[in-house]
Every structure is written in structure tokens, then in C-alpha cells.
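The opening position of the sequence shown corresponds to residue 161 in this note's numbering, with each subsequent residue numbered one higher. Structure record follows, encoded as C-alpha cells.
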Amino acid sequence: MTVASNKAITVNRNLLFRMINVPGNPTIVTHNIAKGWDDTRVDALEAAVYRLADRNPILSGILHNSEVDVTTGKKTAGVFVEPHKFQRFVHYVEPPKDIPSPATLDGDTIAFTKYVQSFIEPLIPSSKTGTEEIQQQLPVFGVHVMRLPDGYVYYAPRLSHQVGDGTTYYQLVEELNAILLGEKLPPPIVWGTDGATSFDLISPHQVRNPLWWLGTIVSAIIHAIYGFGKTQQILLSQRKIQQKKKELAKAGSHLSTNDIVTAALSSAISKDYDYSTHAVNYRAVGRCPGVGPRDGGNVTRLVPYALGASAHDPSKVRELTDSLARSPNRDAPLWSMLRGRGFNQTNWANLQCTLEGTVIHGPLQSLVDTMDVPLAIVYQPNDEEIGIMHKFKKVNVETGLLSEILTD
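Shown next, in the form of C-alpha cells:
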């Protein structure tokens, strides 16, 4: 069966995927440096990437807008990705001739980050907004690779946010790692057709207050006028966080790493913000009927947390998170939005997967820079630390819970 798009081209409906349109959300890209890789390992990585693309044909596509749903022929605005438009997924980047060896940086996360930002990131395509991806017809997936001195290799997988969220991104990396190691593959990611990947949880019908969209626009304008702080990194000690989880948990309850980090960060910036908006994976909380844990797409809802409730008490954060199952459709406070007093937080640390041998991991700085709202990404650069990459103007690291869990 075929249907016509608004551009009068005929397409096979089984080769098209309807995606949600998140125009401001940036391409998900992480930087990674692996240790002890030779040319054979790099060749194996390339082969694994192409096998990953074979298992997930949507990764070979490009995005385009349409005023007609090309899978049904009905008039509706949407974003679509058509597979089999790109056949090259691995892009090798030549390192600068004067690049030093990363060997001297082992164990120093700050030094590794500066190394990547100084020598490598300027040579890697930056994170793009969804609108830019569509306008430039960029591939939805790819991996950039750079050979470094002394057996180190840099790799940067990238995935369009139109295709999937952080969960989808790390599930793809998990699958890639299994292919590379010759291990049993995880269950395949489910890429449905006919709109099955359109889990649009950031859409007007999910927001009860129609003025919410006005609030987001005004908030973005305010932030554009007043600007952001320089993108920076805060490093926290996993050991200290574990201690705080035991120390602060109420009798008969538990606290997660995210509870501690969220409360610590909120209290450190609460003078400038009234609420934080968290990207919550709705696969995990079961609020999307018919959606399973391996469904691709953006199965994420932006849920506001009032800073007054969570600023000093991780248990309040836990209560808010647990309440999602009962009240998933909370909206951000409109007046605070109109005043630009909200920020976004997303937590990758509990999703992460990296390839074997990886010694450093984190988001590209351009990913944070691209967002038009204050953003904090929580991630795990290594086994000993939790990182927060942010662009807040002021963060109080001298007092409060945040000061107590900083890395030594």
C-alpha cells in the first residue's frame, strides 16, 4: 500500500516512521575515551556499528516535515524519518598533530574533560536542535571515532532526539557493546510503524494549561535576554553519596542517588529558581499503556518539582517521584515560567552504558549549550564519580548538601 505526501512523492508506508517534533531538543551526543584499543578493536567497532544499523533500520534515515501524515494520508503536521537514506555510520576524524597522550590524565576527570573540549570537541559536529536536523536533513544516527596516542580511542555516538530519548540512546549503546563483545544481544528495540513510535509526551494534549506553551516561549525569551552562565562541570563522590543515602533515609524507606543529587543541586541554586523540570522515563513508571521497556521513541514526560519542597530534603524528592504514578500530569507553575525561574534537569547516571575499556564518559558541551533553557545533565563519568554539567550563573558549592558530597 502506498500513500502520497504533501510533496507529491509516493512512499511505502512500511518504510516510514512517524516521529514527535521536539524542535528545541538537541541531538544526544556523548564523548567517550577508551583505553587499550588497537586497530583491530577499532575495526571491530566499525563492524559492530553497521550491524547495529542493520538491526535498527530507522538509524539509516533522515528527517523531514510534512503537513500530511504519510502513513495515513490524513492532514496533520508531523515529523517523519525515512530509512535507507544514509549508508555511512562511522566517521573517522583526524586528531590534531600536536595532541598529547591521554595516558597522563588517568583518574583525573576534570583534566579529561578539558582535554576533550580543547583538542577533540572542536573537530566533532556539534549537537543540533531538532529544527536544524530537519532543515539540514542530517542523519539521525552516527558514531565519530578518533584514534589517540598510546592505544586510546575517542568515540562519540549521536542520536537525533526526534528518534529517541536518553533511554533509547543508551539501549543502542548497550546493544552495540554486546555486538562488539560477542555476547548475547538484549531484546531488540521496538520501532513501530504507522505512528507507533509517536509517544509524544511533550505535546499540547498532555498539558492541561493551554498557557503553558506561552510560558515556555516567554521563558526562553527571558533567558535569551539575560543569558546563561558558562557551561561548567561539578563532580560528586559516589562514596559520599552512598553515605548520605544511608544517613538521610527515613525509617523503612530508601533514597536513590538521584534523590540526593536533586536535593543537593536544588538547594545550591534555589535563590534563582522556583522549580525544576525533570525528564522522567515513563516506561519505568508505567504511565503509557501498551509501551514496554524496549520501545524506542520519546517516552519521557517533563515533570516539575517545586524547589521549596525538595531544596533541603531528599525524602521530599523521593515522595514527589513516587507520586508520579498517581498524578503524572502536573504542570509547571505558569507565573514562575513567565518570569524565567525554572530549569531543566535530566539524569543519565541510572541509564548509562559505555563500551568496554571506556575510562571517561560525559555529554558534549555543545549539547548543554544548544538548549535555550538552563539545563543540568547528571551523568556518571567513571565508577567513582557523578558529574553535573550545567550552565547556571551561580551555584553555591560552599555550603549545604552539595558541599558535603563533592569529590575530594
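A virtual CB, placed ideally from N, CA and C, is assigned to each residue, including glycine. Just so it is clear, the structure is predicted and the values come from calculations on it, not from any experiment.
By the Cβ test, the region 498–507 is in contact with the region 422–439, since at least three Cβ pairs between them sit closer than 8 Å. The shortest CA-to-CA distance from A428 to any of F246, S563 and I188 is the one to S563. For G547, the uninterrupted beta strand (DSSP E) segment begins and ends at E545 to H550. Between T514 and V333, the gap from beta carbon to beta carbon is short of 8 Å.
Under a 10 Å Cβ-count criterion, I537 is classified as buried, with 16 or more other Cβ atoms of the shown protein chains found around its own Cβ.
Bounds of the beta strand (DSSP E) holding K195 are I188 to K195.
In terms of Cα proximity to H550, the closest of I520, I394 and Y329 is I394. DSSP places P453 in the coil class of the three-state scheme, outside both helix and strand. Under the criterion of beta carbons closer than 8 Å, I259 and E242 do not qualify as touching, at roughly 38 Å.
Taking a 10 Å sphere around the C-beta of T328, we find 16 or more other C-beta atoms and assign the residue as buried.
Counting along the chain, the unbroken alpha helix (DSSP H) around T269 starts and ends at T269 to Y275. Per the coordinates, the alpha-carbon of V253 lies some 43 Å from the alpha-carbon of T559.
Burial check for W197: the Cβ neighbour count within 10 Å reaches 16 or more, so the residue is buried. Counted as a single uninterrupted DSSP element, the alpha helix (DSSP H) harbouring I401 occupies residues Q398 to L408. If you look at Y329, you'll find it in the alpha helix (DSSP H) that goes G326 to L341.
For A263, the CB contacts under 8 Å within the same chain, skipping 5 residues up- and downstream, are P309, D310 and Y312 in chain order. Take the alpha-carbon of G387 and the one of D434: they are about 18 Å apart. DSSP places L494 in no beta strand (DSSP E) but in the uninterrupted alpha helix (DSSP H) bounded by L494 to L498. In this structure I193 is in contact with V519, their Cβ atoms being roughly 6 Å apart against a cut-off of 8 Å. Remark: C-beta atoms of I548 and L425 approach each other more closely than 8 Å. Under the DSSP assignment, G522 falls in the beta strand (DSSP E) whose first and last residues are T518 to P523. Remark: C-beta atoms of L340 and L205 approach each other more closely than 8 Å.
Taking the CA atoms as reference points, N185 sits about 11 Å from L319. Taking the C-beta atoms as reference points, A316 is found no nearer than 8 Å to V300. Inter-residue distance for L345 and E544 is about 28 Å (C-alpha atoms, whole angstroms).
With a contact defined as Cβ atoms closer than 8 Å, V202 and L336 miss out at about 14 Å. Here the alpha carbon of G267 sits roughly 20 Å from the alpha carbon of Q402. Looking from the CA of G326, the closest CA among I385, I565 and R461 belongs to R461. For Q295, the enclosing alpha helix (DSSP H) stretches over residues G290 to Q295.
For N418, the enclosing alpha helix (DSSP H) has its first and last residue at T417 to I429. If you look at A208, you'll find it in the alpha helix (DSSP H) that goes D199 to R215.
Inclusion of V189 and S287 in the CB contact set at 8 Å is warranted, their separation being smaller than that value. In the DSSP annotation of this structure, the continuous segment of the alpha helix (DSSP H) that includes S563 starts and ends at G560 to E564. When secondary structure is reduced to three states using DSSP, P317 falls in the strand class. For L462, the enclosing beta strand (DSSP E) starts and ends at T460 to A466.
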